[in-house]
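Only one structure is covered here, and it is reproduced in the block below.
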């Protein structure tokens with residue numbers, strides 16, 4: 115079955131794609147919906163434009179869809195993006211990196227059901243500590259590109275997700291209930307290299323925006 | 003699957019044709035059993051043979067995705083439920099097959115997402131108002147389920163939780179591996 119991956123460039127969507135490929139599925143395309151609304155529950159991600167570079171090093175076509183990020187319209191835009199994947203690349207199923215968010219997952223399920231698409235969520239309900247551990251073990255090179263919760267701050271931007279990160283975030287989980295895999299939007303990440311990439315992406319510049327406990331890093335990679 | 007396993011053992015039966023669905027519909031159930039240090043084996047319904055069943059003390063039949071309905075063509079592979087004298091829990095697709103085996107008919111009804119259900123009596127630890135996670139395009143029609151009690155409905159007619167009147171055969175239309183994980187724990191530990 116040929117699949118379209120809902121792709122944000124972060125660790126979860128990338129790892130969901132990795133599992134799909136490992137299980138023998140063909141990836142037909144990546145599908146990115148980029149929201150202009152930074153409050154978007156579905157799609158707001160720092161460095162989102164750099165998914166174009168990730169698609170390049172994965173050798174995969176990318177459907178890149180801009181949305182204003184108004185609550186219901188952004189779901190219509192997601193539907194349009196998936197329809198484009200069906201039309202152009204003949205995908206029969208959609209993969210998401212949803213772990214815990216019932217809101218996110220239910221919306222994707224509804225859209226796929228309307229389009230007669232099978233919907234796959236290979237990270238669904240996975241223990242988040244184990245999930246991060248697997249991502250590290252499988253040699254994903256992932257950095258933090260956004261923090262949005264106390265006590266995370268600017269110093270976390272650019273940090274690599276490694277064993278030290280895992281221990282630190284676990285401590286913050288115990289102390290401040292910070293979600294270990296950032297599923298509640300506490301942090302966002304960007305994958306610079308993994309088993310799906312033909313080569314590692316190199317950071318050639320970045321700009322940080324924000325204040326206090328809310329920061330995002332816009333990367334330039336090549 | 004191993005044969006001749008000694009001790010308490012739960013059989014987890016998978017219904018998904020697409021193997022990528024394992025991660026969404028089966029692994030979360032297995033994780034619950036692992037957390038309780040319970041022994042289990044996993045087998046796809048097409049690979050289940052009658053002689054395997056005697057090695058197991060309980061059976062959980064897992065669900066699968068909205069569009070992965072191949073299992074509906076294989077009612078004969080679930081006929082063993084009629085004679086199996088140990089507890090069975092069917093989740094979504096599993097409940098469909100329990101219903102079909104007991105002459106139930108499938109009806110179309112799509113429910114996706116969270117919903118509040120009212121449990122009038124204790125159902126594997128669920129009692130009163132509970133929020134459940136739904137993901138189904140079909141349900142088993144109540145009129146044809148003469149051998150079962152219904153513990154909770156949605157839309158006044160869609161049975162969400164059923165138990166055989168005389169035997170320990172349970173079915174849930176919602177997904178307790180997503181919300182209300184204690185239902186699976188209670189079934190497995192009871």
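Residue numbers (my numbering), protein chains in the order written: chain Y, 115 to 336; chain P, 3 to 192. Just so it is clear, CB atoms sit at the ideal spot from N, CA and C, and this is done for glycine as well. These numbers come from a predicted model, not from an experiment.
Along the chain, where does the alpha helix (DSSP H) containing residue i start, and where does it finish?
i, result
"residue 138 of chain P", "Taken as a continuous stretch (DSSP letters only), residue 138 of chain P belongs to no alpha helix (DSSP H), being part of the beta strand (DSSP E) at 128-142."
"residue 232 of chain Y", "First-last for residue 232 of chain Y: 232-234, but that is the beta strand (DSSP E), not the alpha helix (DSSP H)."
"residue 33 of chain P", "29-37"
"residue 189 of chain P", "184-191"
"residue 224 of chain Y", "216-228"
"residue 287 of chain Y", "277-290"
"residue 128 of chain Y", "125-136"
"residue 179 of chain P", "Segment: none, residue 179 of chain P is in no alpha helix (DSSP H) and carries neither H nor E."
"residue 322 of chain Y", "Here residue 322 of chain Y belongs to no alpha helix (DSSP H); instead the beta strand (DSSP E) covers 317-325."
Are any of the Cβ atoms in chain P nearer than 9 Å to that of residue i?
i, result
"residue 204 of chain Y", "no"
"residue 241 of chain Y", "yes"
"residue 256 of chain Y", "no"
"residue 224 of chain Y", "yes"
"residue 184 of chain Y", "no"
"residue 283 of chain Y", "no"
"residue 177 of chain Y", "no"
"residue 137 of chain Y", "yes"
"residue 305 of chain Y", "no"
Please confirm if residue i has its CB atom under 9 Å from at least one CB of chain Y.
i, result
"residue 29 of chain P", "yes"
"residue 140 of chain P", "no"
"residue 157 of chain P", "no"
"residue 25 of chain P", "yes"
"residue 72 of chain P", "no"
"residue 21 of chain P", "yes"
"residue 69 of chain P", "yes"
"residue 17 of chain P", "no"
"residue 179 of chain P", "yes"
"residue 114 of chain P", "yes"
"residue 40 of chain P", "no"
"residue 33 of chain P", "yes"
"residue 128 of chain P", "no"
"residue 137 of chain P", "yes"
From residue i to residue j, what does the alpha carbon distance come to, in whole angstroms?
i, j, result
"residue 237 of chain Y", "residue 308 of chain Y", "17 Å"
"residue 128 of chain Y", "residue 165 of chain Y", "11 Å"
"residue 130 of chain Y", "residue 208 of chain Y", "11 Å"
"residue 246 of chain Y", "residue 297 of chain Y", "12 Å"
"residue 262 of chain Y", "residue 304 of chain Y", "15 Å"
"residue 172 of chain P", "residue 90 of chain P", "6 Å"
"residue 225 of chain Y", "residue 192 of chain Y", "8 Å"
"residue 59 of chain P", "residue 223 of chain Y", "34 Å"
"residue 163 of chain P", "residue 93 of chain P", "10 Å"
"residue 187 of chain P", "residue 302 of chain Y", "33 Å"
"residue 159 of chain P", "residue 268 of chain Y", "54 Å"
"residue 141 of chain Y", "residue 48 of chain P", "27 Å"
"residue 201 of chain P", "residue 131 of chain P", "Outside the shown range of chain P (3 to 192) lies residue 201 of chain P, about which nothing can therefore be said."
"residue 179 of chain P", "residue 259 of chain Y", "32 Å"
"residue 61 of chain P", "residue 148 of chain Y", "44 Å"
"residue 174 of chain P", "residue 148 of chain P", "17 Å"
"residue 161 of chain P", "residue 109 of chain P", "11 Å"
"residue 178 of chain Y", "residue 121 of chain Y", "10 Å"
"residue 299 of chain Y", "residue 232 of chain Y", "26 Å"
"residue 150 of chain P", "residue 167 of chain P", "5 Å"
Since residue i and residue j are thought to touch, with beta carbons under 8 Å apart, how far apart are those beta carbons, to the nearest angstrom?
i, j, result
"residue 169 of chain P", "residue 34 of chain P", "About 23 Å; that fails the 8 Å criterion."
"residue 113 of chain P", "residue 146 of chain P", "Not a contact, Cβ separation roughly 20 Å."
"residue 121 of chain P", "residue 86 of chain P", "Rounded, the Cβ-Cβ distance is 25 Å, inconsistent with contact."
"residue 66 of chain P", "residue 27 of chain P", "5 Å"
"residue 337 of chain Y", "residue 203 of chain Y", "Because residue 337 of chain Y is not part of the residues shown, which for chain Y are 115 to 336, the question remains open."
"residue 234 of chain Y", "residue 134 of chain Y", "7 Å"
"residue 243 of chain Y", "residue 294 of chain Y", "5 Å"
"residue 140 of chain P", "residue 98 of chain P", "6 Å"
"residue 143 of chain Y", "residue 199 of chain Y", "5 Å"
"residue 41 of chain P", "residue 88 of chain P", "Actually they do not touch by this definition, with Cβ atoms about 15 Å apart."
Kindly list the residues whose CB is nearer than 7 Å to the CB of residue i, restricted to its own chain and excluding five residues on each side of it in sequence; keep chain order.
i, result
"residue 171 of chain Y", "311, 312, 313, 315"
Assuming residue i is part of the beta strand (DSSP E), what are its boundary residues?
i, result
"residue 95 of chain P", "Premise fails: residue 95 of chain P lies in the alpha helix (DSSP H), 95-103, not in any beta strand (DSSP E)."
"residue 176 of chain Y", "176-181"
"residue 173 of chain P", "171-174"
"residue 20 of chain P", "Premise fails: residue 20 of chain P is in no beta strand (DSSP E) and is neither H nor E."
"residue 142 of chain Y", "140-149"
"residue 169 of chain Y", "Unbroken run through residue 169 of chain Y is the alpha helix (DSSP H), 165-172; no beta strand (DSSP E)."
"residue 245 of chain Y", "That residue, residue 245 of chain Y, is in no beta strand (DSSP E); its alpha helix (DSSP H) goes 242-251."
"residue 113 of chain P", "108-125"
Quick one: does residue i have its CB under 9 Å from some CB of chain A?
i, result
"residue 236 of chain Y", "No chain A is present in this structure, whose protein chains are Y and P."
Residues in its own chain within less than 6 Å of residue i by CB, not counting five upstream and five downstream?
i, result
"residue 73 of chain P", "17, 95"
"residue 6 of chain P", "With a pLDDT of only 39 at residue 6 of chain P, under the threshold of 50, the placement of this residue in the model should not be trusted, and no figure is reported."
"residue 13 of chain P", "43, 58, 61"
"residue 274 of chain Y", "257"
"residue 119 of chain P", "132, 134, 154, 162"
Under 8 Å Cβ to Cβ from residue i, same chain only, skipping five residues before and after it: list those, please.
i, result
"residue 184 of chain Y", "151"
"residue 252 of chain Y", "129, 132, 308, 309"
Is any heavy atom of the ligand NAD found at a distance shorter than 8 Å from the C-beta of residue i?
i, result
"residue 163 of chain Y", "For the structure depicted, the ligand NAD is absent and the ligand set is empty, with no information on it obtainable."
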